[in-house]
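Here's the structure, in structure tokens; my notes come after.
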Amino acid sequence: MKFSAWLCVGLALLVNACAVPSARTNAYGGKLPTVTAKLPPEPTHLGRPSVLEEDEESAQANTSTPKTKKQDRTVRVLIVENSKSTYIKHSGRVNIYTQDLSKKYKISRGGTLSVKTHKNAQVQVGTLTSSQPVIIVPVDATTLEIDKVVYTGTLYVLPSKTSFSIIEYTPLENYLYGVLPYEMHPTWALEALKAQAVAARTYTLKSIEKKADEPFDLYADVRSQMYKGSTTVQDSIKKAVDQTRGQVLAYKGELFYTYYHGNCGGGTDHVSIWNQKAPHIKPLAGNTCKFDTHSKSYTFKQDIAKSTVERFTKSQGLKGTLKSIKVAKKTGTGRASYLTLKTSGGSKTVLCSSFRAATGVRSCKLTKITTGSTKVHFEGHGYGHGIGMCQDGAHGMAKQNYTYKQILKHYYPGSTLSQFR
Ligand SMILES: [Zn+2]
3 MKFSAWLCVG LALLVNACAV PSARTNAYGG KLPTVTAKLP PEPTHLGRPS VLEEDEESAQ
63 ANTSTPKTKK QDRTVRVLIV ENSKSTYIKH SGRVNIYTQD LSKKYKISRG GTLSVKTHKN
123 AQVQVGTLTS SQPVIIVPVD ATTLEIDKVV YTGTLYVLPS KTSFSIIEYT PLENYLYGVL
183 PYEMHPTWAL EALKAQAVAA RTYTLKSIEK KADEPFDLYA DVRSQMYKGS TTVQDSIKKA
243 VDQTRGQVLA YKGELFYTYY HGNCGGGTDH VSIWNQKAPH IKPLAGNTCK FDTHSKSYTF
303 KQDIAKSTVE RFTKSQGLKG TLKSIKVAKK TGTGRASYLT LKTSGGSKTV LCSSFRAATG
363 VRSCKLTKIT TGSTKVHFEG HGYGHGIGMC QDGAHGMAKQ NYTYKQILKH YYPGSTLSQF
423 R
């Protein structure tokens, strides 16, 4: 994380204590308030993973005493994107500032704030109008609710010419409380949930590293990880996050994108078949999986409207009606890497991952494709891209008493469990 973004984060955390204005440039290229309260020491380097003791007991000791929240990284999540109007319900006191503190006011009890676009690329938050970002700070235990999702972090409302976006600044571990239940079922075995917590934490920190110069780190949907606020946390989720606090996966001392998916259908694959720009590293090169057959996602039959497929063939420059779809090339696990699409106007071979993204076919591990008059029928195995951790497989391993460390080593071979500092 670069200094400017870190400063921005540090100030966001401190803004509750913020009292006197002056200004500094922040990661948005705008101005941030400087505080009179003592700033935390300036970092000299990015956070780094350091290898954990391999021995189970010392690793457990390392994780059984969570560090204080002060040491949490802050995650910036885009929770409202290019909106013209919304409402924020606040359960109690809130402080509202423009970024340079030239305008500010406090609300001392619960209520509803309207947020809407205003003339000249401004945004109106309650009674405050501004062309700068507006910061809404919940005081004490106040929560902020937008579209029935409840947030506990500080909100930045960013105006643009004709709309605004809202970014939540929230501590990393709190953010994970709001991710885990939407990425893995809370009733699943704890070791699987812990593996998921480490994978999600690593993915998050890698995203922060990559997005330091941008106004947010992650989307709140499948473009990054599903996230729906972090107010009510189930026990299993809390345990999984807390017992792995700060733990990440690294390869050769660096964080990597710990991709994961629903069900690999009997084997994961090399990242290049799904994301050709991703680094070709051992943890993302694929592995066998014999732990996911219990899931209903292991085998699928799916009909997709022919018109949906033809929208895709058209986008690929193929005119006419769809005639057939055939697997052109498979990986060693049986996943189609390429498909050949044939229409009355011609044929073309495309990446199956592009086809899957456009049509919603559950997996590229296809065993049967039949083109009918109005529908295309698919049969196959798995659910998702098939790269990195197979979540059903993680659950299967946990049920067979494998630990989260063994699960992670299996699905990210060659990676090292590390403590992020
Ligand atoms: Zn699997």
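Per my numbering, the very first residue in the sequence shown carries number 3; after that it's consecutive.
Glycine included, every Cβ here is placed at the ideal spot set by N, Cα and C.
{"Asked": "Sufficient close CB pairs (3 or more, under 8 Å) joining the region 178 to 196 to the region 128 to 136", "Found": "no"}
{"Asked": "Rounded separation between residue 341 and residue 384 - CA only", "Found": "17 Å"}
{"Asked": "Identity of the residues DSSP links to residue 305 by a beta bridge", "Found": "379"}
{"Asked": "Separation of residue 333 from residue 411, as counted between CA atoms", "Found": "22 Å"}
{"Asked": "Nearest-angstrom Cβ-Cβ length linking residue 324 and residue 308, presumed shorter than 8 Å", "Found": "6 Å"}
{"Asked": "beta-carbon residue 265 near ligand 1 non-hydrogen atom, thresh 7 Å", "Found": "yes"}
{"Asked": "Cβ-Cβ distance between residue 158 and residue 137 below 8 Å", "Found": "yes"}
{"Asked": "7 Å CB neighbourhood of residue 123 in its chain, flanking five on each side removed", "Found": "133, 161, 162, 163"}
{"Asked": "heavy atom of ligand 1 below 7 Å from residue 395 C-beta", "Found": "yes"}
{"Asked": "Proximity below 8 Å, CB of residue 415 to CB of residue 289", "Found": "yes"}
{"Asked": "Pick from 111, 170, 303 that is closest to residue 141, judged by C-alpha positions", "Found": "111"}
{"Asked": "Contact check, residue 82 vs residue 167, beta carbons under 8 Å", "Found": "yes"}
{"Asked": "Alpha-carbon spacing of residue 331 relative to residue 357, whole angstroms", "Found": "14 Å"}
{"Asked": "Enclosing beta strand (DSSP E) for residue 140 [first to last residue]", "Found": "136 to 140"}
{"Asked": "Neighbourhood of residue 246 by C-beta distance below 8 Å, restricted to the same chain and skipping five residues each side", "Found": "65, 196, 199, 200, 203, 406"}
{"Asked": "Residue 390, buried or exposed, once every other Cβ within 10 Å from all chains shown has been counted against 16", "Found": "buried"}
{"Asked": "Proximity below 8 Å, CB of residue 226 to CB of residue 276", "Found": "no"}
{"Asked": "Residue from 270, 267, 258, 293 with nearest C-alpha to residue 280", "Found": "258"}
{"Asked": "For residue 201, the first and last residue of its enclosing alpha helix (DSSP H)", "Found": "192 to 212"}
{"Asked": "beta-carbon residue 102 near ligand 1 non-hydrogen atom, thresh 7 Å", "Found": "no"}
{"Asked": "Cβ separation of residue 419 and residue 207, assumed to be a contact under 8 Å, to the nearest whole Å", "Found": "Going by Cβ atoms, the distance from residue 419 to residue 207 rounds to 14 Å, so no, they are not a contact pair."}
{"Asked": "Bounding residues of the alpha helix (DSSP H) (the contiguous stretch that carries residue 406)", "Found": "406 to 413"}
{"Asked": "DSSP three-state assignment for residue 366, whether helix, strand or coil", "Found": "coil"}
{"Asked": "Residue 366 beta carbon near ligand 1 (any heavy atom closer than 7 Å)", "Found": "no"}
{"Asked": "Helix, strand or coil at residue 181 [DSSP, three-state]", "Found": "helix"}
{"Asked": "Near ligand 1: residue 271 beta-carbon under 7 Å from a heavy atom", "Found": "no"}
{"Asked": "Rounded C-alpha distance that separates residue 396 from residue 239", "Found": "15 Å"}
{"Asked": "Per DSSP, cross-strand counterpart(s) of residue 259", "Found": "Answer by DSSP bridge pairing: none, since residue 259 is not bridged."}
{"Asked": "With 16 other Cβ atoms within 10 Å as the buried cut-off, status of residue 38", "Found": "Low local confidence applies: a pLDDT of 26 at residue 38 is under 50, so the model's placement there is unreliable, and no value is given."}
{"Asked": "beta-carbon residue 293 near ligand 1 non-hydrogen atom, thresh 7 Å", "Found": "yes"}
{"Asked": "Contiguous beta strand (DSSP E) assignments of at least 3 residues, all confined to the region 86 to 114", "Found": "87 to 92, 96 to 100, 106 to 109"}
{"Asked": "Three-state secondary structure assigned by DSSP to residue 391", "Found": "strand"}
{"Asked": "Reduced DSSP secondary structure (H/G/I, E/B, other) of residue 403", "Found": "coil"}
{"Asked": "Cα-Cα separation, residue 93 to residue 145", "Found": "5 Å"}
{"Asked": "Short Cβ contact (8 Å threshold) for residue 291 with residue 392", "Found": "yes"}
{"Asked": "Beta-carbon separation (whole angstroms), residue 442 vs residue 74, contact threshold 8 Å", "Found": "A query on residue 442 cannot be resolved here, the shown segment of the chain reaching from 3 to 423 and no further."}
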